[in-house]
Amino acid sequence: MIRFDHVSFEYAGGMHAGVTDLDFRIHAGQTVLLCGDSGCGKTTVTRLINGLAPHYFDGTLTGRVTVAGLDTANASGGLAGIAQHVGSVFQNPKSQFFTLDVTGELAFACENFRMPPAEIRERIGAVARDFHMEDLLGRPITALSGGQKQKVACASVSTAGPDVLVLDEPSSNLDARAIEDLRGIVALWKRQGKTVVIAEHRLYWLDGLVDRALYLRDGRLEREMSGDELRALSDDERLGLGLRPVRAEQIAAQAAAMMRSADAAQTPDMTDAAETPNAPGVPDGTIAAVATRTNAATDTPTPSRGDYVVDRFSYTYRRAKAPTLSVDRATLPAGRVTAVTGFNGAGKSTFVRCLQGLDRRCKGDLVTPPPDSRALNRKARLKACFTVLQDVNCELFTESVLDEVLLAMPERGDRDGQQDADAAPAESAASAESAREQAARGILARLDLADVADRHPLSLSGGQKQRVAIAAALASARGIIIFDEPTSGLDMRHMRQVAGLLRGLAASGRTVVVVTHDPEFALCVADDVLTIDHGRAVDAYPLRVANAADPAHDRRDPHDVLDAANARRLVRALTARTASVAADAA
Amino acid sequence: MNFATSSYRGILRFDPRTKILFTLTVGAFCLTLLGGNSATAGAIRWALTAVSFLLLGVCGRVRAAACFALMLAASYALAEWALPHVGGFLGWFIYAGIGMTTQTLPSAVAAYWLLFTTTADELIAALQRAHVPQAVTIPLAVMFRFFPTVTAEARQINDAMRMRGVHVGGGKASEMFEYRVVPMVTNSVKIADELSQAALTRGLGASPTRTSIARIGFGWADALLIAGCAACFGALACVGFGVLA
């Protein structure tokens, strides 16, 4: 069905890495996984199959890509000709819809192919039945959750009935339930005899569906595995390839390994066995060291500083009678990382927006830890917390990385600023300004961004942009730093880097709150877990507990021992559809 | 300013082309005061205004229609009883306010009705039937698709700025504009780029015309409304020829 004959593709302008000498066949009816690090060429392979390369992305193509008998580079009708055979689902749910309502979206491709309206309506009905989404028909797309949007995206390529389906990181923004639905859809396509190609970082949800896996590195096909071989990979081998768990049960088992690497991040003289084989090639590979520096460079951590207490948070939508969010009391331990988990639409994002004080409709206070125990109202929280948004592109405003950090830094004389402790009031404005710049450069150095300080933020890689946002959070000198889904669409190595950075922040005395529905990430980053469901805080438990009595742990952070039972509880809640969070709490 | 997201399935259904004709007719007579001060034009205005409010009410927006009608009535009441007794600046102010309300409100109501009862799909399909080329309809479709996206982006950017104290009265007001525009433009470009990829892989542009599942077409209601609009213009022509006053 799909044939790559010695295919190389190089993007014009060299903005992205291309692929080199790919030679493989994918037979009709196979489900094939494309895996490997970010930038390994997975996405390029999907673009070569759906024709976006070379028809949309300019570049030099050598060799030949044949899909359903069509030579994609010279297909009659160009992209539209290929589109009749290949359906594509992309990563970002906010930019793959062309119409405003679900029905129109399902009809879109068929309308383009000039099918008669009566037939289109029939197809929409059939697909909606197959996908169990009759209730979504006719609803506005903006009102759907991320999971529902991805379902609509899959359905809308299905209506035109292509033989080949190409999915580029479809699960990036999805929670466990939505992923379960996505799995059902892929299984359905497999039963229908479609050829499915999936480029993906999160792998556990594809367990049992994948017939073959193609492992790419630096644009080359490095390894080919059957589905069984992928399942049978030993943990060491899998980590060596930089792959995330391929079976749900590996996630909990991996927690122990994650702990070891987290230790390595905290302790300079320990090397991480899992990271070393592949560390080169990733420019941000020095994160363990970065975390250590973050730790060392700031004030010494004082363990157990009490808890921030959320006091009667509630949020009511306009025209709604009952509040959507209603959290009477929840604790956020100071100087630790708290993961806020739950399904899409459970109220996690509303909760952190309230915590940040962004919304006027949100009621409630945040009480600081004793001894001061001050109640921070909404306006006070706006200055006490700092949120790193999910889409960091929305918070890069200025013309250089340094300015970005300076913008977030409190003005001179700001009461809440810790950074200004050394800036004596007698100093002239000019020297204060240079002191600010010094401090900003110091922060950038800690995050490994010193050499890009004068570059434009938008010219950086995704990972670097995220670190610029974290640098801004550090510079803000605020006690609570909130992260909204910081790891959607990251490969394992980058996910661990982010986890290392967040733990570094907590170690340097900040209180970190991170929203996530990714169990792998939650396990490697969190000290405590707060579960939100239907706008209520339904569960809270520690993930890492003090174990000072154990002499083997004396060199480590006191909050260092993973509570195995709670780790399993977290994985159960975040992977299984059937595991009702509420039942678990009872 | 968004289109309806689900098609209107009530009793009084019109083809989008009819709705556009009606909205333009109301605009011509009530907003641009076609027909001047003749008695016939005045009667036409009253009739068109009444029909606009009626249509909005019938399609389910009873409360909105009633509110607008009340506003209009209040304006006329003010003009009748209050205006003669108030002079000077305040009088001028009231006079301007009333003029604006009475002149724009009927057209606004008609436009509201058009948007509220028409989905973007229906509009595009109707324009296609009217032989408007894809070079016009596709950009139009993208524009409507973009409104909600841009609003959502703007909200996020606004959040990020408020966290940094960049807001009105936050001491960094001068940067407000620049900081808002830069990420807005770059994000919009990125979304537009991804959107085109998604659309092209679904066969947009496969052929010069598309089919559409939007249920549009002319019915008795359309005939009635079109006849009404034609009558308005006919009456105006009669005034021109001196048949009517």
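For the record, the sequence lines run as chains A and B. Using our numbering, the first residue of the first sequence is number 1209, and each one after it goes up by one. Using our numbering, the first residue of the second sequence is number 718, and each one after it goes up by one. Even glycine gets a Cβ: it sits at the ideal position worked out from N, Cα and C. Only a predicted model underlies this, so the values are computations on that prediction, with no experimental measurement involved.
Given residue i, which residues of its chain have a CB within under 7 Å of its CB, disregarding the five upstream and five downstream residues?
{"i": "A:T1576", "result": "Y1516, R1582 and L1584"}
{"i": "A:H1263", "result": "G1286 and L1287"}
{"i": "B:G752", "result": "F746, A758, I761, L953 and V956"}
{"i": "B:V743", "result": "L765, S769, P823, S824 and A827"}
{"i": "B:L964", "result": "Coverage of chain B is limited to positions 718 through 962, which leaves residue 964 of chain B absent and any answer about it impossible."}
If you draw a straight line from the C-alpha of residue i to the C-alpha of residue j, how long is it?
{"i": "B:V768", "j": "B:G922", "result": "40 Å"}
{"i": "A:P1325", "j": "B:A837", "result": "17 Å"}
{"i": "A:G1267", "j": "A:V1779", "result": "43 Å"}
{"i": "A:F1212", "j": "A:L1230", "result": "6 Å"}
{"i": "A:G1237", "j": "A:V1310", "result": "28 Å"}
{"i": "A:W1397", "j": "A:W1413", "result": "15 Å"}
{"i": "B:L755", "j": "B:Q820", "result": "Per the sequence shown, residue 755 of chain B should be read as Ser rather than Leu. The alpha-carbon atoms of B:S755 and B:Q820 are separated by roughly 16 Å."}
{"i": "A:N1503", "j": "A:V1600", "result": "Since pLDDT at A:N1503 reaches only 41, below the 50 mark, its modelled position is unreliable, and the value read off the structure follows with that caveat. If I take the Cα positions, the gap works out to 24 Å."}
{"i": "A:G1427", "j": "A:K1591", "result": "45 Å"}
{"i": "A:S1246", "j": "B:N904", "result": "21 Å"}
{"i": "A:V1753", "j": "A:Q1564", "result": "27 Å"}
{"i": "A:A1683", "j": "A:A1775", "result": "33 Å"}
{"i": "B:R919", "j": "A:G1295", "result": "7 Å"}
{"i": "A:L1269", "j": "A:P1750", "result": "53 Å"}
{"i": "A:S1824", "j": "A:M1209", "result": "No answer is possible for residue 1824 of chain A: it lies beyond the span of chain A, which begins at 1209 and ends at 1794."}
{"i": "B:Y829", "j": "B:T926", "result": "29 Å"}
{"i": "A:T1739", "j": "A:H1725", "result": "10 Å"}
{"i": "A:V1360", "j": "A:M1703", "result": "28 Å"}
{"i": "A:D1580", "j": "A:K1571", "result": "22 Å"}
{"i": "A:V1374", "j": "A:H1293", "result": "11 Å"}
{"i": "A:S1639", "j": "A:R1589", "result": "30 Å"}
{"i": "B:Q851", "j": "A:G1650", "result": "55 Å"}
{"i": "A:G1401", "j": "A:V1275", "result": "16 Å"}
{"i": "B:L773", "j": "B:G727", "result": "12 Å"}
What residues match up with residue i in a beta bridge as DSSP calls it?
{"i": "A:M1433", "result": "A:A1421"}
{"i": "A:Y1516", "result": "A:L1540"}
{"i": "A:S1522", "result": "A:S1534 and A:K1571"}
{"i": "A:T1274", "result": "A:R1211 and A:D1279"}
{"i": "A:R1428", "result": "A:R1425"}
{"i": "A:T1739", "result": "A:T1549 and A:D1747"}
{"i": "A:T1268", "result": "A:E1218"}
{"i": "A:F1691", "result": "A:V1596 and A:V1722"}
{"i": "A:A1407", "result": "A:L1242 and A:D1376"}
{"i": "A:A1583", "result": "A:V1575"}
{"i": "A:I1234", "result": "A:I1210"}
{"i": "B:A721", "result": "B:T836"}
By Cβ distance below 6 Å, which residues in the same chain neighbour residue i in space, the five residues on each side in sequence not counted?
{"i": "A:R1838", "result": "As displayed, chain A neither begins before 1209 nor continues past 1794, which places residue 1838 of chain A out of reach and without an answer."}
{"i": "A:P1665", "result": "L1604, V1609, E1612 and V1676"}
{"i": "A:V1723", "result": "V1548, K1556, V1560, D1692 and E1693"}
{"i": "A:L1352", "result": "none"}
{"i": "B:L789", "result": "L822"}
{"i": "A:A1225", "result": "G1247 and G1427"}
{"i": "A:F1594", "result": "A1681, S1684, R1686 and I1689"}
Quick one: residues in its chain with C-beta nearer than 8 Å to the C-beta of residue i, no 5 flanking neighbours on either side, listed in chain order?
{"i": "A:L1424", "result": "V1227, L1242, C1243, G1244, C1248, G1249, K1250, V1253 and E1430"}
{"i": "B:L912", "result": "V859 and R862"}
{"i": "A:E1432", "result": "F1232, R1420, A1421, L1422 and Y1423"}
Mind checking the stretch 1306-1317 of chain A against chain B and listing, in chain order, the residues whose C-beta falls within less than 7 Å of any C-beta there?
Under the 7 Å Cβ criterion, the stretch 1306-1317 of chain A contributes F1306, T1307, L1308, D1309, G1312, A1315, F1316 and A1317.
Interfacial residues, the stretch 1223-1248 of chain A to chain B, with Cβ spacing under 7 Å
Result list empty, no residue passes.
Unbroken stretches of the alpha helix (DSSP H), 4 residues or longer, contained in the stretch 772-814 of chain B
Qualifying alpha helix (DSSP H) stretches, in chain order: 779-794.
Which residues of the stretch 1358-1377 of chain A have a Cβ closer than 9 Å to any Cβ of chain B? Give them in chain order.
Only A1361, S1364, V1365, A1368 and V1374 from the stretch 1358-1377 of chain A bring a Cβ to less than 9 Å from some Cβ of chain B.
What alpha helix (DSSP H) runs, 4 residues minimum, are completely inside the stretch 1629-1669 of chain A?
Correct list: 1637-1654.
Along the stretch 1585-1603 of chain A, where does the CB come closer than 7 Å to a CB of chain B? Name the residues.
Taking 7 Å as the Cβ-Cβ cut-off against chain B, the residues of the stretch 1585-1603 of chain A that qualify are L1590, F1594, T1595, L1597, D1599, N1601, C1602 and E1603.
When you check each C-beta in the stretch 926-952 of chain B against every C-beta of chain A, which residues fall closer than 9 Å?
Residues of the stretch 926-952 of chain B that bring their beta carbon within less than 9 Å of a beta carbon in chain A comprise T926, R927, T928, S929, I930, A931 and R932, in sequence order.
According to a CB-to-CB cut-off of less than 9 Å, which residues of the stretch 1337-1353 of chain A neighbour chain B?
Those would be G1346, R1347, P1348, I1349, T1350 and A1351, in chain order.
Which parts of the stretch 1348-1372 of chain A are runs of the alpha helix (DSSP H), unbroken and 4 residues or longer, counting only runs that do not cross its ends?
Taking only runs of at least 4 residues, the alpha helix (DSSP H) segments lying wholly in the stretch 1348-1372 of chain A are 1354-1366.
Going along the stretch 1432-1454 of chain A in order, which residues come within less than 7 Å of chain B, judged by CB to CB distance?
Within the stretch 1432-1454 of chain A, no residue places its CB atom closer than 7 Å to a CB of chain B.
Short-range partners of chain A found in the stretch 860-886 of chain B, where Cβ spacing is below 8 Å
So the list reads F861, R862, P865, T866, A869, E870, Q873, I874, D876, A877, M878, R879, M880, R881, G882 and V883, given in the order they occur along the chain.
For the stretch 807-873 of chain B, list the alpha helix (DSSP H) runs that are entirely contained and at least 4 residues long, ordered along the chain.
The qualifying runs are 837-846.
Contacting positions in the stretch 779-812 of chain B - beta carbon closer than 7 Å to chain A:
Residues of the stretch 779-812 of chain B that bring their beta carbon within less than 7 Å of a beta carbon in chain A are absent altogether.
Enumerate, from N- to C-terminal direction, the unbroken alpha helix (DSSP H) stretches of 4 or more residues contained entirely within the stretch 902-934 of chain B.
Given a length threshold of 4 residues, the stretch 902-934 of chain B has no whole run of the alpha helix (DSSP H) inside it.
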